[in-house]
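**Q** Protein chains in written order, with the working numbering: chain H, 107 to 328; chain Y, 49 to 422.
No residue lacks a Cβ here, since even glycine has one placed at the ideal position from N, Cα and C.
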């Protein structure tokens, strides 16, 4: 049985907030602190697949919870350097239960975690560990975190050297790439007899295939 | 990891003029390249005021991408006027500015102004393409290369765009080789919009042709990359890395909430990227209509619905959130004639899968559901 995953989709438009800006919140879920409406109603909306991200199909009851959270967030005066905690998500489980990364409105203020945990409608879930994750909607700011050599081991080191300009300054002489003037590079390419893959200067198809084979076997390294 | 404090960036592709000094045969503006009409400065002010208001409502910073035609044949005085308006209108937010040029015969005084203003010039250069021609049909490469030599090491150079079409796809290796050799990042852009009926037949590519070409470049990049960034492969690789590490992300393109990029035609009609120049999808006239009217327009509603239909398969994709779905949502009818029905129809999904193969990731399979919840 294939699970129904709604996590990334479950975002709601709440209309215009007081400041005229549209606020986006992912749907909250099973909130012992907020006693109404009944969690089962929310559960139904998710598990039945009625809540479609883009369609904004959502009951007044669920909206009430979302707006409560939204109001809490708007009133929060934490410094702007804090993580953007406007994102939280919920997932419908095959069993009909729900999962989220937030356990209550308070936790939005306290936690920023992508950890998933199950929700029990009778007991609050355990708090997630604090593990802030930067929003990556603007990837140019955050991409370097993803493939820092110290964060990705051997593969990352190889990848970083090849793909990240900022890390080129750390290259050894052997790794350094000589930049060629555009006009010279173009003339060099024009002089090639054939312009097919595998016959390009500097591109040894045999070596490349061998390396790819190694990579697929997780035997990365020079 | 340090939390990010950045704001969302909303790109505005602004067609200052369609007039161009070249006649590239695959250009989607081909029919209008001799049209001298140009946005006048008063209207640009009104345009930018609405841009500012929309960005403010969407909690975004504007990225103004001046487009054409060829923007660098427009005189210095005009550009000075444009920058004066920008300074006047955007007083309380940061503005990123770029220009897309063929760099065939740029006005160097304008380039100097761009340098002073921190503008990036993206240069369209396909490396292997005999269809980038002058009005008389003669080639343009030598002169463009000469000019590229002149700015390649200057911060004003913002990277390249190389169009891939049926006529040069077999030479995609040269495209990689060139940009890799000069150490310049590049966006490889498969032919995606037409100006006249036959254009698609002559230049259009199938999904499999595009995928095979991009996958070839990916392998070359992995094998011999010199540190350049190649789009759209970089986005795919990035998503693959994060997926391999078991990361979760909610970076989803939800058009109704936040636009990523809009296109303003020379007549100020405004469109989404995937539906540019399609009348029924027009958001309205940005100098005549208010920001609210533009964003509440029927055309926008239709464009949102279209984007949602295209993203309908994303819910079944294990990469969703790491991949925003934007490329799929805003694909043109040439890139994607019908809404995709399986993940195999999604170029980004296939490319991320290829990246995972390179990374040695074994768990990526179309048949494997999303990672089990902890």
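If I'm right that residue 167 (chain Y) touches residue 204 (chain Y) with Cβ under 8 Å, what's the distance once you round it to whole angstroms?
**A** With 8 Å as the limit, residue 167 (chain Y) and residue 204 (chain Y) qualify as a contact, their Cβ atoms being about 7 Å apart.
**Q** Buried or exposed for residue 315 (chain Y), going by 16 or more other Cβ atoms inside 10 Å?
**A** Answer is exposed; the Cβ neighbour count stays below 16.
**Q** Give me, in chain order, the residues of the same chain whose beta-carbon lies closer than 8 Å to that of residue 81 (chain Y); leave out the 5 immediate sequence neighbours on both sides.
**A** Taken in chain order, the residues that qualify are 66, 67, 68, 70, 71, 75 and 117.
**Q** Cβ atoms of residue 59 (chain Y) and residue 309 (chain Y): under 7 Å apart, would you say?
**A** Their beta carbons are under 7 Å apart, which means residue 309 (chain Y) touches residue 59 (chain Y) by this criterion.
**Q** Find the nearest neighbour of residue 281 (chain Y) within the set Y:343, Y:254 and Y:396, judged by alpha-carbon distance.
**A** Checked all of Y:343, Y:254 and Y:396; the closest Cα to residue 281 (chain Y) is Y:396.
**Q** Report the residues of the stretch 70-99 of chain Y with a CB closer than 7 Å to any CB of chain H, ordered along the chain.
**A** Going along the stretch 70-99 of chain Y in chain order, one finds no residue with a Cβ nearer than 7 Å to chain H.
**Q** Short of 7 Å in beta carbon distance, which residues of its chain neighbour residue 273 (chain Y), apart from the five on each side in sequence? Order them along the chain.
**A** Answer for residue 273 (chain Y): 228, listed in chain order.
**Q** Taking only runs of the beta strand (DSSP E) that begin and end inside the stretch 162-223 of chain Y, which ones reach a length of at least 3 residues, in chain order?
**A** You should have 168-172 and 205-212.
**Q** Return no unless some Cβ of chain H is closer than 7 Å to the Cβ of residue 225 (chain Y).
**A** Output row for residue 225 (chain Y): interface = yes.
**Q** Output yes if chain H places a C-beta closer than 7 Å to the C-beta of residue 120 (chain Y); else output no.
**A** Not an interface residue.
**Q** Going by DSSP, which residues form a beta bridge with residue 253 (chain Y)?
**A** DSSP lists no partner for residue 253 (chain Y).
**Q** Please name the residue, chosen from Y:233, Y:254 and Y:105, that lies closest to residue 344 (chain Y) on a Cα-to-Cα basis.
**A** Looking at the Cα atoms, Y:105 is the closest of the given residues.
**Q** List, in chain order, every chain H residue whose beta-carbon is nearer than 7 Å to that of residue 229 (chain Y).
**A** The contacting residues are 286 and 291.
**Q** If we ignore side chains and look at the alpha-carbon of each, how far apart do residue 333 (chain Y) and residue 320 (chain Y) end up?
**A** Going by the C-alpha atoms only, they are around 13 Å apart.
**Q** Looking at the C-beta of residue 222 (chain Y), does it have a partner C-beta in chain H at a distance below 7 Å?
**A** Closer than 7 Å to some Cβ of chain H, the Cβ of residue 222 (chain Y) qualifies, so yes.
**Q** Write down the C-beta distance between residue 288 (chain Y) and residue 400 (chain Y) rounded to the nearest angstrom, noting that I regard them as a contact closer than 8 Å.
**A** About 5 Å; that satisfies the 8 Å criterion.
**Q** Give the single residue among Y:381, Y:221, Y:245 and Y:192 whose Cα lies nearest to the Cα of residue 290 (chain H).
**A** Nearest C-alpha to residue 290 (chain H): Y:192.
**Q** Does the ligand SAH have a heavy atom nearer than 6 Å to the CB of residue 125 (chain Y)?
**A** Judged by which ligands are present, the structure shown has none, so any question about the ligand SAH falls away.
**Q** Compute the distance between the beta-carbons of residue 256 (chain Y) and residue 403 (chain Y), then report whether it is under 7 Å.
**A** Not a contact, by the Cβ cut-off of 7 Å.
**Q** Using 10 angstroms around the beta-carbon of residue 174 (chain Y), count the other beta-carbons present and answer buried if the total reaches 16, otherwise exposed.
**A** Buried.
**Q** Find out if the Cβ-Cβ distance for the pair residue 330 (chain Y), residue 317 (chain Y) is shorter than 7 Å.
**A** Closer than 7 Å, so yes.
**Q** Have a look at Y:198, Y:270 and Y:278 and flag the residue whose alpha-carbon is nearest the alpha-carbon of residue 211 (chain Y).
**A** Comparing Cα positions, the closest option is Y:278.
**Q** What are the boundary residues of the beta strand (DSSP E) that includes residue 319 (chain Y)?
**A** That run of the beta strand (DSSP E) goes 317-320.
**Q** Kindly indicate if chain H contains any beta-carbon less than 7 Å away from that of residue 193 (chain Y).
**A** Taking Cβ atoms only, chain H reaches closer than 7 Å to residue 193 (chain Y), which makes this a yes.
**Q** What separation, rounded to the nearest whole angstrom, lies between the Cα atoms of residue 137 (chain Y) and residue 93 (chain Y)?
**A** Roughly 8 Å separates the two Cα atoms.
**Q** Compute the Euclidean distance between the alpha carbons of residue 172 (chain Y) and residue 209 (chain Y), then round it to the nearest angstrom.
**A** One C-alpha to the other measures close to 5 Å.
**Q** Give every residue of the same chain whose Cβ lies closer than 7 Å to the Cβ of residue 230 (chain Y), excluding the five residues on either side of it in the sequence, and list them in chain order.
**A** Excluding sequence neighbours, residue 230 (chain Y) sits near 200.
**Q** Please report the distance separating the alpha-carbon of residue 149 (chain Y) from that of residue 377 (chain Y).
**A** One C-alpha to the other measures close to 26 Å.
**Q** In the DSSP assignment, find the unbroken alpha helix (DSSP H) run with residue 372 (chain Y) in it and report its ends.
**A** Residue 372 (chain Y) -> no alpha helix (DSSP H), and no H or E assigned at all.
**Q** In terms of residue numbering, what span does the beta strand (DSSP E) encompassing residue 237 (chain Y) cover?
**A** Note, residue 237 (chain Y): beta strand (DSSP E), 234-238.
**Q** State the Cα-Cα distance for the pair residue 357 (chain Y) and residue 313 (chain Y), rounded to the nearest angstrom.
**A** The alpha-carbon atoms of residue 357 (chain Y) and residue 313 (chain Y) are separated by roughly 25 Å.
**Q** Should residue 143 (chain Y) and residue 119 (chain Y) be called a contact, given that it needs their Cβ atoms to be closer than 7 Å?
**A** Contact: no.
**Q** Whole angstroms is fine: what's the gap from residue 276 (chain Y)'s alpha carbon to residue 128 (chain Y)'s?
**A** C-alpha separation (whole angstroms): 33 Å.
**Q** Rounded to a whole number of angstroms, what is the C-alpha to C-alpha distance between residue 115 (chain Y) and residue 393 (chain Y)?
**A** Rounded to whole angstroms, residue 115 (chain Y) to residue 393 (chain Y) spans 30 Å at the Cα level.
**Q** For chain H, check one thing: does any of its Cβ atoms lie closer than 7 Å to the Cβ of residue 200 (chain Y)?
**A** Residue 200 (chain Y) counts as touching chain H.
**Q** Would you say residue 402 (chain Y) faces chain H, with C-beta separation under 7 Å as the test?
**A** Chain H, which has no Cβ nearer than 7 Å to the Cβ of residue 402 (chain Y), makes this no.
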